[in-house]
Amino acid sequence: MSGLNQHFGTDASPSSQDTQEITAFLEKNASKRWSANSAPLRITDSQWFKSKHREVGAAIWQHAAIKSPGNCGVCHSDAGKGDFDGDRVHIPK
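For the sequence shown, my numbering gives the first residue as 83, with consecutive numbering after it.
See the structure below:
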C-alpha cells in the first residue's frame, strides 16, 4: 500500500478510511508465498504464471492481437469474469 502516490506514474492513493479497510483485508488474506519485498509487481513475472504458460512460445506474446502476457482477455475470453479455465483457451492465429 505504500508508494501508491507514485504508482507507475499515477497517484493511486485511496482515502485514509479506504487505506485502513484495504490494508486490513490484505493482511487477513495475504498469500504466504511472498513477503512484501519479494512479491513480483506483475502476476506475469511470477513463477506460477510462467509455469501455467510454459508452452506459450515467445512469438505468441508478440502476436498483433496479443501484444503481451498481460493481455489475458485475448486468449481467455471469460477473463473479465475471473474464469481462466485452460480448457477454454483460444490462441489467435
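A virtual CB, placed ideally from N, CA and C, is assigned to each residue, including glycine.
According to DSSP, is residue i helix, strand or coil?
i, result
"D138", "Just to set this straight, residue 138 is Val in the shown sequence, not Asp. Of the three classes helix, strand and coil, the one that applies to V138 here is coil, per DSSP."
Ordered along the chain, which non-local residues of its own chain (more than five positions away) have a Cβ less than 6 Å from that of residue i?
i, result
"F131", "I125"
"T105", "M83"
Less than 7 Å between C-beta atoms, sequence neighbours within five positions excluded: which residues of the same chain meet that for residue i?
i, result
"H172", "C157, S159"
"S150", "W143"
I'd like to know whether the C-beta atoms of residue i and residue j end up nearer to each other than 7 Å.
i, j, result
"C154", "A161", "yes"
"H145", "P174", "yes"
Ignore the nearest five residues each way along the sequence and tell me which others in residue i's own chain have a CB closer than 8 Å to its CB.
i, result
"L86", "D93, A94, S95, P96"
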